[in-house]
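Right, one structure below, let's go through it.
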Amino acid sequence: MTAPPGAPGSAHVGSGPSRDGSDGLVAASGTADRRNPSAPPEDDWSPWHPGELARRLERVARPWCVVGGWALDLWHGHQTRDHEDLEFTVLRDDVGVFRQALSDMTLYTVADGRFEILPEGAEPPPPILQIWCFDARAARWRVDLMIEPGERDVWICRRCPAIRHPRAEMVASTPDGIPYLRPAAVLLFKAKHRRDKDAADFERALPHLTHAERRWLREGLDRLHPGHAWAQAL
């Protein structure tokens with residue numbers, strides 16, 4: 001693929017869930033494992049605003065960024081729609097650090113419809129890519145922690161590891177310091193599902209994408225989803 005879409009000044013920024021399933025994992029409408037009746041109901045979401053997440057993580061000096069629908073709204077600079085959840089990504093080696101910062105949450109690993117408590121001090125096994133954070137005091141899910149395959153200074157696309165760029169070129173920040181994945185990469189993940197909200201997100205973003213971002217997204221679509229309708233629109 002060509003150079004990444006994150007050249008300085010190429011994206012809008014602003015302050016600001018998506019059970020978006022933005023990375024092809026568990027979406028909000030997924031079914032909790034009926035063999036684990038102790039897991040909280042999967043629809044009991046009251047997600048934080050990204051600003052609240054950033055406040056809780058302000059002392060964490062490890063890479064992370066908001067992804068999914070909220071990432072697009074941080075880029076737009078305002079909230080464009082309701083979000084069913086809030087998703088952010090971290091590196092696998094850093095999960096324990098983020099768990100400390102979210103120590104008042106109960107963490108559940110999510111895989112193939114199974115929701116299992118992640119014991120205190122335990123590391124998520126390699127197959128686990130998604131952890132939901134439950135606020136027991138409020139009896140609500142607050143945020144979806146997703147494990148990404150990158151490195152400290154390198155962003156790697158989960159669906160195609162050959163797509164990789166310096167992290168600084170793929171992650172932007174709002175004026176008040178909330179990191180988010182740049183829009184072309186968010187849309188590349190969303191393209192898999194083609195849900196109504198994903199199509200609406202694409203239509204809102206399209207007029208504001210730079211030429212470089214359009215080219216990057218089109219090449220990504222051609223590689224991962226040949227013949228995708230969005231590629232023609234780009």
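Residues 1 to 234, numbered by full-length UniProt numbering, are exactly what the sequence shown covers, in order.
Note that CB positions come from ideal geometry on N, CA and C, so glycine has one too.
Asked                                                                                                                      : Found
Residue(s) in a DSSP beta bridge with TRP132                                                                               : TYR108, ASP144
8 Å contact criterion, which PRO183 and TRP70 should meet: CB distance rounded                                             : About 12 Å separates the two Cβ atoms, so there is no contact after all.
Simplified DSSP state of residue 256, which is helix, strand or coil                                                       : Lying outside 1 to 234, the shown extent of the chain, residue 256 is not represented and no answer is given.
Whether ASP94 touches ARG62 by CB criterion (8 Å)                                                                          : yes
Of the listed residues LEU72, LEU145, ASP104, VAL97, nearest to ALA200 (C-alpha basis)                                     : LEU72
Beta-ladder partner(s) of PRO166, from DSSP                                                                                : VAL154
HIS165 burial status per 10 Å Cβ neighbour count (16 or more: buried)                                                      : buried
Which listed residue (ALA139, ARG140, ILE117, GLY121) has its alpha carbon closest to that of ILE131                       : ILE117
Every unbroken beta strand (DSSP E) within the stretch 173-234, with a cutoff of 3 residues, ordered by chain              : 179-181
Contacting residues, own chain, Cβ-Cβ under 7 Å from LEU145 (five flanking each side not counted)                          : PHE88, VAL90, PHE98, ILE131, CYS133
Cut-off 6 Å between Cβ atoms - residues of its own chain near PRO149, not counting five sequence neighbours on either side : ILE156, ARG158
Per-residue burial, ASP198 [other beta carbons within 10 Å of its own, 16 or more giving buried]                           : buried
Counted within 10 angstroms of its Cβ, other Cβ atoms place GLY121 as buried (16 or more) or exposed                       : exposed
Simplified DSSP assignment, three categories, for ARG62                                                                    : coil
Spatial distance of THR80 from PRO50 (CA atoms)                                                                            : 14 Å
Helix, strand or coil at ARG114 according to DSSP, with G and I counted as helix                                           : strand
Backbone CA spacing between ALA28 and ASP153 [nearest angstrom]                                                            : The predicted model places ALA28 with a pLDDT of 41, which falls under 50 and marks its position as unreliable; any figure quoted below should be read in that light. Straight-line Cα distance between these residues: approximately 31 Å.
Residues near ASP112 in its chain [Cβ-Cβ closer than 6 Å; skip 5 each side]                                                : none
Distance between GLU58 and ALA101 (C-alpha atoms, nearest Å)                                                               : 9 Å
Residue range of the unbroken beta strand (DSSP E) whose run includes LEU91                                                : 87-91
Identity of the residues DSSP links to VAL67 by a beta bridge                                                              : GLU87
Residues that DSSP places opposite TRP45 in a beta bridge                                                                  : TRP141
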